[in-house]
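So for the sequence shown, full-length UniProt numbering puts the first residue at 1; every next one is plus one. Beneath this line is the structure, given in structure tokens, with notes to follow.
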Amino acid sequence: MLMSELLQRLIQTQFQPQNTSQYDWNPSPSHGTSNGQGEGNEHGGRRNGRGGDNFLATTPETSDHSDKSAHSTVTGSGPVGSGRTINVNSPIVVHKGEVFDGHNNLYVGGSGIGDGSQSEHQQPMFVVEQGGTLQNVRMSGGGDGIHLLGDATLKNVHNLNVSEDAMTIDGPGNREHDSRIAGTPASGLPARPKIEILDSSFDNASDKVIQDNQAADVLLRNVSVNGAGKVFRTNGGHTDIDSHVTVEDSTLKGIKEAVFRTDAPGAHVSLHGVRDDAPHQVEALSPSQADGARSVSRKEYTG
């Protein structure tokens, strides 16, 4: 090879552009050109990206509650729920010592337990046995609310549309009936149950929120009522139901008659931090039966 040809090749090699593809920007994806026809959505399913690789979405899996709408159209002071709607046509029993957690589901009373009227012959939606706890429940529709056979705790319970009564503290007249529903003997139940109603609300009660048929010690704390004749009523004409009731930090609106009414001389109510618009906070036989009340009046039982 001639020297001149060798020099020419060396010069061409020195000025040849180097491969710089590692720095090039390629507008086309380097990992494929698939059009990504997916087989699910991004909520717990497999998703295929357009022009990219498949991957599993990381959105947490949730239960399918599509059978009923979780958002009730009923409005009131209770929270909007995130659970299912459950139709109730026979009483639900909370057994002795059991904690029934409704998971904020909406329980709607059907025709099997009542028509939502003022009839005294409706069935309860819940029967709570001795020592039972009912919590995280929303209620509406027919039936006679909650019946308590003994000591009980109600927490975060919201009745959006009270029918006859929101709840009944069972006495001798209805313990036998509710015990048969629960399949438990009526004997051995406490003579004076202790009941706590906490962080709960009751709306649109045409008569009473709580019907008290048995002497009891009752605490209502952080309770909201929006519309009722009376919030708490010992059984009319019964002078032996000497219940002691404490109401704390509660808002009671649309009360047509009284927060507390009794015909028993031994009954007593204490009100602390209660905001209400009742014409008479307390209706009792004597002013000494109330602590913290702005007004106590006497109203004779007429049947």
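Note that the Cβ used here is the ideal one computed from N, Cα and C, for glycine as well. Computed from a prediction, not measured in an experiment: that's the story for all the values here.
Nearest-angstrom beta carbon gap, residue j and residue i [assumed within contact, 8 Å]
i: isoleucine 169; j: asparagine 213; result: 6 Å
i: aspartate 291; j: leucine 271; result: 7 Å
i: glycine 171; j: asparagine 235; result: 7 Å
Residues of its chain near residue i, where Cβ-Cβ distance is below 6 Å and the 5 sequence neighbours each way are ignored
i: alanine 182; result: Val93, Val127, Glu129
i: valine 274; result: Val247, Ser250
i: glycine 97; result: Gly131
i: alanine 293; result: Leu271, Gln281, Val282
i: isoleucine 210; result: Met167, Phe232
Beta-carbon proximity list for residue i, same chain, < 8 Å, skipping 5 on both sides
i: glutamine 289; result: Thr262, Pro265, Ala267, His268, Val269, Val282, Val296
i: proline 124; result: Pro91, Ile113, Gly143, Asp144, Gly145, Ile146, His147, Thr168, Asp178, Ile181
i: residue 390; result: Here the chain comprises residues numbered 1 to 303, so residue 390 is not present and cannot be evaluated.
i: leucine 134; result: Val94, Phe100, Gly102, Phe126, Val128, Ile146, Ala152, Thr153, Leu154, Lys155, Val157
i: glycine 254; result: Val225, Asn226, Gly227, Ala228, Asp277
i: glycine 83; result: His65, Ala70, Gly102, His103, Asn104, Asn105, Leu106, Arg138
Residue i vs residue j beta-carbon contact at 8 Å
i: alanine 216; j: serine 187; result: no
i: valine 108; j: threonine 85; result: yes
i: leucine 252; j: valine 245; result: no
i: leucine 189; j: glycine 150; result: yes
i: arginine 138; j: asparagine 89; result: no
i: valine 162; j: asparagine 204; result: yes
i: proline 279; j: glutamate 257; result: yes
Close Cβ partners of residue i (< 7 Å) along its chain, the five nearest in sequence each way excluded
i: asparagine 87; result: Val108, Gly110
i: asparagine 136; result: Asp101, Gly102, His103, Asn104, Asn156
Residue i burial status per 10 Å Cβ neighbour count (16 or more: buried)
i: histidine 238; result: buried
i: aspartate 249; result: exposed
i: alanine 191; result: exposed
i: aspartate 277; result: exposed
i: glycine 173; result: exposed
i: serine 286; result: exposed
i: proline 193; result: buried
i: arginine 175; result: buried
Requested in this report: Would you check if there are 3 or more beta carbon pairs closer than 8 Å linking the stretch 199 to 212 to the stretch 151 to 170?
Outcome: With a cut-off of 8 Å on Cβ pairs, the stretch 199 to 212 is in contact with the stretch 151 to 170, counting three or more such pairs.
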